[in-house]
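Note that numbering that gives the first Met the number 0 has the sequence shown beginning at 0, numbered continuously upward.
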Amino acid sequence: MQFDNTYFSKLNDFYAECDADIPADPKLIKFNKDLATQLGINTKNMNLSSIFSGGEKPEGANTLAQIYAGHQFGHFNPQLGDGRALLLGEIISRKGKRIDIQLKGAGRTPFSRNGDGKAGLGPVLREYLVSEAMYALGVPTTRALAATSTGESIQRETLKKGAVLTRTASSHIRIGTFQFFASRQDNDRLKKLADYTIERHYPDAKNHENPYLNLLQNVANKQAYLISKWMGLGFIHGVMNTDNTTLSGETIDYGPCAFMDFYDPKTVFSSIDKNGRYAFSNQPLIARWNMARLAETLLPLINNDADKAIQDATKIIESFSDIYEKFWLKEMRRKFGFKTKQEDDAELFDSFFETMADNQVDFTQSFRALADVSEGNPDNLRNLYLDTKLLDTWINKFKKRSLLEVGLAKNIRKENPIFIPRNHLVEAALSAAEFEDDYSQFEELLDIVTNPYTEHPGKEIYSNPPIMINSNYKTFCGT
Ligand code: AMP
Ligand code: MG
0 MQFDNTYFSK
10 LNDFYAECDA
20 DIPADPKLIK
30 FNKDLATQLG
40 INTKNMNLSS
50 IFSGGEKPEG
60 ANTLAQIYAG
70 HQFGHFNPQL
80 GDGRALLLGE
90 IISRKGKRID
100 IQLKGAGRTP
110 FSRNGDGKAG
120 LGPVLREYLV
130 SEAMYALGVP
140 TTRALAATST
150 GESIQRETLK
160 KGAVLTRTAS
170 SHIRIGTFQF
180 FASRQDNDRL
190 KKLADYTIER
200 HYPDAKNHEN
210 PYLNLLQNVA
220 NKQAYLISKW
230 MGLGFIHGVM
240 NTDNTTLSGE
250 TIDYGPCAFM
260 DFYDPKTVFS
270 SIDKNGRYAF
280 SNQPLIARWN
290 MARLAETLLP
300 LINNDADKAI
310 QDATKIIESF
320 SDIYEKFWLK
330 EMRRKFGFKT
340 KQEDDAELFD
350 SFFETMADNQ
360 VDFTQSFRAL
370 ADVSEGNPDN
380 LRNLYLDTKL
390 LDTWINKFKK
400 RSLLEVGLAK
410 NIRKENPIFI
420 PRNHLVEAAL
430 SAAEFEDDYS
440 QFEELLDIVT
450 NPYTEHPGKE
460 IYSNPPIMIN
470 SNYKTFCGT
């Protein structure tokens, strides 16, 4: 790995240097060869299990824990930071992109508070599966480079096997990173961070008449796009705190996330999200709220005249919903296979979601079945519904709209996955790995969800929702 560590060299007050724990008995569980190739990592003389468990510091790495603050469930915490993550450094990918390499679960840092700095095997494999599935589904995301087991036990409700995930990201700069300095009114460091972020992610903003306002606009666009991708897949992030919202616009923090099987806009999986703040249908609103928190931090950089700064930033925040709607419409046209734009499209899409919600049908299967509908075979879709009255009316509208398109079925199949990492499949794969040391289900599921648009003969069962609706399915943070 050829490191080129700008966060370390340019932002020296923004982190604490610290070392990983030496694991007792590290073993490589999974290494992402494709990603390693994209990153130009030459694994020849590398001891992968040792490096990716924290046991050996690779040459050129500057291990550090980043500092940040954040709004968690709406409450501001002025001091968070990487409590169980260590940045090894940055490398330049084959395509010339600067990429962070980070170990998650390699031990305590100065920001660990009461935590142990460790990660469990189950959650590490879960992040590996889901983040790689998201990548294959075309969603901006951090990725998984490696998973190792440490040979140690960690204390959760019961003793669990310890593991380390190696995560890659365009950067780990979060809204919370800006909030850390803004809340201390440290405008010098705030500016340094903003300039670094512009240089790394939005270099064109430098030429804008107001680079910091343009930074805000760029991040708003990226976040609006990201959420439209989530909404097009039935993905629920589960913990959209400002410390889990990246400036790059990549999905980060796969703790409590999950995909919906049966469509219900109010769906919440996270065990601690008691009021449904991060429910499926709330995600665009929360993204807007998070953008307002970023805007607040940038005010002193946007204009010395506070009123003028607020005015300019508010315009961007107020336009967020429109930006999001445009991306959503684009995402839906893609999913419905439409290449042309018609005025009533949004209405047609909304009414499809209404038919789904009334029947709690499977999100992923419904969209995929639209291809059959467009080929004159509506039964694959109709069979998912208990009551088809509303649906039949909708199908007639869809058929009329379809006459304006060519190659619809092909488009729909190209854009809608057969396979997503369904909760019951993920849980089964993780249990087999954790309790029986059997990684075959994990491997099989990973292969399927990272090739989600193609048939996998004999594996059709992986495209099905669970037989019973499990309304008690819960996910967890900080595991
Ligand atoms: P998360 O819910 O994963 O976004 O984590 C929120 C904060 O808690 C971050 O600052 C994490 O670094 C920290 N954290 C989560 N789990 C642990 C752990 N086991 N040990 C130390 N810090 C942790
Ligand atoms: Mg986090």
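Idealized CB from N, CA, C, for every residue including glycine.
Of the residues P456, N382, G233, the one placed nearest R421, counting alpha carbons only: G233
K334 vs E414 beta-carbon contact at 7 Å: yes
Pair within 7 Å by beta-carbon distance, K451 and A143: According to the sequence as given, residue 451 is Pro; it is not Lys. No; because the gap between Cβ atoms is not below 7 Å, this pair is not in contact.
Where the alpha helix (DSSP H) through N213 begins and ends: First-last of the alpha helix (DSSP H) with N213: 210-230.
Three or more C-beta pairs below 8 Å linking the region 222-232 and the region 102-111: no
Under 5 Å, CB to nearest heavy atom of ligand 2: contacting residues: N243, D252
Contact set for P283: own chain, Cβ-Cβ below 6 Å, skip 5 residues either direction: Setting aside the 5 residues that flank it on each side, P283 is surrounded in the same chain by I226, Y323, each with a C-beta closer than 6 Å to its C-beta; the list follows chain order.
Cα-Cα separation, F177 to V425: 35 Å
Contact test: S111 Cβ vs ligand 1 heavy atom, cutoff 6 Å: yes
DSSP state of K205 mapped onto helix, strand, coil: helix
Neighbourhood of A427 by C-beta distance below 7 Å, restricted to the same chain and skipping five residues each side: Q440
Same chain only: Cβ atoms within 8 Å of F110, ignoring 5 sequence neighbours per side: A15, A64, I66, Q78, L79, G80, D81, G82
Cβ-Cβ distance between A286 and Q222 below 7 Å: yes
Residues bridged to F2 [DSSP beta-bridge criterion]: I90
CB-CB length for L87 against A60, believed under 8 Å: 4 Å
Of the residues A345, Q341, L385, N376, the one placed nearest D361, counting alpha carbons only: L385
G53: CB within 6 Å of a non-hydrogen atom of ligand 1: In this structure, the C-beta of G53 stays at least 6 Å away from each heavy atom of ligand 1.
Beta carbon of I235 nearer than 7 Å to that of F279: yes
CA-to-CA distance, D272 to K314, given in whole angstroms: 30 Å
DSSP-derived helix/strand/coil call for R367: helix
Cβ contact check for the region 144-158 and the region 5-13: 3 or more pairs under 8 Å: At 8 Å Cβ cutoff, the stretches do not touch.
Start and end residues, beta strand (DSSP E) containing Y14: 14-16
Exposure of T42, with buried meaning 16 or more beta-carbon neighbours within 10 Å: By the Cβ-count criterion, T42 is exposed, with fewer than 16 other Cβ atoms from all chains shown falling within 10 Å of its own Cβ.
Alpha-carbon spacing of G336 relative to S182, whole angstroms: 46 Å
Assigned secondary structure, S401 (DSSP; H/G/I helix, E/B strand, else coil): helix
Start-end ranges of the beta strand (DSSP E) lying completely within the region 144-212, minimum 3 residues: 158-168
Residue nearest to Y461 in terms of C-alpha spacing, selected from Y472, D446, F475: D446
Whole runs of the beta strand (DSSP E) within the region 327-400, excluding any shorter than 3 residues: none
CB of G114 within 7 Å of CB of T241, strictly: Note that the C-beta distance between G114 and T241 is not below 7 Å.
Extent of the continuous beta strand (DSSP E) to which K103 belongs: 97-103
Sequence-distant residues of the same chain with beta carbon closer than 6 Å to P122, five excluded per side: T478
Bridge partners - R142, DSSP secondary structure assignment: Looking at the DSSP assignment, R142 forms a beta bridge with T167.
Buried versus exposed, by CB contacts within 10 Å (16 or more), E353: exposed
Beta-carbon proximity list for Y211, same chain, < 7 Å, skipping 5 on both sides: A193, L297, L300, I301
Any non-hydrogen atom of ligand 1 closer than 6 Å to D81 Cβ: yes
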